[in-house]
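The opening residue of the sequence shown carries number 824 in our numbering; numbering runs sequentially from there.
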Amino acid sequence: MEPISVQAVTPGLRYTVDAAAADVSSQQITVYEGVLVLVHNQSFRGIVRHTDVSPLAFFVPDSLDYPDEPLSVHTEVSVRRFLSRSQAPMALGVARAVTTVIDDPRGGGRRWLHTQVDLYGYAVSELELNYRVTVAT
Numbered sequence: 824m825e826p827i828s829v830q831a832v833t834p835g836l837r838y839t840v841d842a843a844a845a846d847v848s849s850q851q852i853t854v855y856e857g858v859l860v861l862v863h864n865q866s867f868r869g870i871v872r873h874t875d876v877s878p879l880a881f882f883v884p885d886s887l888d889y890p891d892e893p894l895s896v897h898t899e900v901s902v903r904r905f906l907s908r909s910q911a912p913m914a915l916g917v918a919r920a921v922t923t924v925i926d927d928p929r930g931g932g933r934r935w936l937h938t939q940v941d942l943y944g945y946a947v948s949e950l951e952l953n954y955r956v957t958v959a960t
């Protein structure tokens, strides 16, 4: 059980740019943006050190189907808003963010974007992260 859990994933604007129009290549670049809302897991009764990271994972909610592997996937995650649990020192930030294409766990042959984030979230009761995933196909 992790001290921080995902409460909601809210997609923002998704847009696609045809890179051929810019004479770069014949790639299409799709950008997904949104907000990841995290909360302190009230049932967590363990000890968290400021050096610990919490692994989080979510499917990008408005992901297109990717039957083939994309040419590249770039993930950016940043802190949008936070609420401290106390006046104590806190550690906050993203240690790692990676997006891969995996099979839809419900079946049906679709392949969606799945993002994994390692997060420092010591002494945080609420936290919102901005995410941006850029996919070149």
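Ideal placement from N, C-alpha and C gives every residue a C-beta, glycine not left out.
Buried/exposed call for residue i, threshold 16 Cβ in 10 Å
| i | result |
| --- | --- |
| Thr922 | buried |
| Thr839 | exposed |
| Leu861 | buried |
| Thr833 | exposed |
| Ala920 | buried |
Cβ-based neighbour list, residue i, same chain, cut-off 8 Å, excluding 5 preceding and 5 following
| i | result |
| --- | --- |
| Pro893 | Val924, Val958, Ala959 and Thr960 |
Three-state secondary structure assigned by DSSP to residue i
| i | result |
| --- | --- |
| Gln850 | coil |
| Thr938 | strand |
| Tyr889 | coil |
| Arg929 | coil |
For residue i: DSSP bridge partner residues
| i | result |
| --- | --- |
| Arg955 | Glu856 and Glu899 |
| Thr960 | For Thr960, which the question treats as bridged, DSSP gives no partner whatsoever. |
| Gly916 | Tyr943 |
| Val883 | None, per the DSSP bridge assignment. |
Close beta carbons around residue i, own chain, < 6 Å, minus the five adjacent residues each side
| i | result |
| --- | --- |
| His897 | Thr957 |
| Ser901 | Asn953 |
| Tyr855 | Arg837, Val883 and Val956 |
| Trp935 | Phe882, Ser886 and Asp927 |
Contact set for residue i: own chain, Cβ-Cβ below 7 Å, skip 5 residues either direction
| i | result |
| --- | --- |
| Phe881 | Val829, Val832, Leu859 and Thr938 |
Stretch-stretch touch, CB-based, cutoff 8 Å, three pairs: the region 925 to 933 with the region 891 to 910: Per the Cβ contact rule, the region 925 to 933 is not in contact with the region 891 to 910 (fewer than 3 Cβ pairs under 8 Å).
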